[in-house]
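Under the numbering used here, think of the first position of the sequence shown as 209, with each following residue one higher.
Remarks on the structure that follows.
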Amino acid sequence: MTPLRPSFQLLPFRPDNIGAWFGYEEADFQKYGVPNPRVQFPAVAKALPRDLYMSIAPGMFHSDVSEPYETLKKAILKRGDLTDRQRLD
Numbered sequence: 209m210t211p212l213r214p215s216f217q218l219l220p221f222r223p224d225n226i227g228a229w230f231g232y233e234e235a236d237f238q239k240y241g242v243p244n245p246r247v248q249f250p251a252v253a254k255a256l257p258r259d260l261y262m263s264i265a266p267g268m269f270h271s272d273v274s275e276p277y278e279t280l281k282k283a284i285l286k287r288g289d290l291t292d293r294q295r296l297d
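What follows is the structure in structure tokens.
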């Protein structure tokens, strides 16, 4: 049976480099044998700042989300991209 949470601590969320943060987390998931997205999703959700998660979560649960980890990741990366563009303007 797969545990419902990883046995290691995720790095603190890095809003200044979201892509790299996900890269480190996914490397840790692989290193520590956590391939199950059902375990990855809550681990990443708990590592996010509460306001970020709360701004993304409602949209995730109002539709049929078959891959919650990938959906969460895409939403965070998209939001980070929008924030980067706002900084450039």
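Glycine included, C-beta positions come from ideal geometry on N, C-alpha and C.
Predicted, not measured: the structure shown is a model, and the values here were computed from it.
Own chain, CB closer than 6 Å to residue i, minus 5 neighbours either side, in chain order
i           : result
residue 233 : 218
Inter-residue Cα distance where the pair is residue i and residue j
i           : j           : result
residue 251 : residue 276 : 12 Å
residue 239 : residue 287 : 27 Å
residue 260 : residue 281 : 12 Å
residue 274 : residue 255 : 21 Å
residue 230 : residue 246 : 16 Å
Buried/exposed call for residue i, threshold 16 Cβ in 10 Å
i           : result
residue 285 : exposed
residue 227 : exposed
Sequence-distant residues of the same chain with beta carbon closer than 8 Å to residue i, five excluded per side
i           : result
residue 257 : 221 and 223
residue 243 : 237
Chain-order list of residues whose beta-carbon lies under 7 Å from that of residue i (same chain, five-residue window excluded)
i           : result
residue 295 : With a pLDDT of only 47 at residue 295, under the threshold of 50, the placement of this residue in the model should not be trusted; the figure read from the coordinates follows. If we look at residue 295 and ignore the five residues flanking it on each side, it has no Cβ neighbours.
residue 216 : 236 and 240
residue 265 : none
Check whether residue i and residue j have beta carbons under 7 Å apart
i           : j           : result
residue 262 : residue 279 : no
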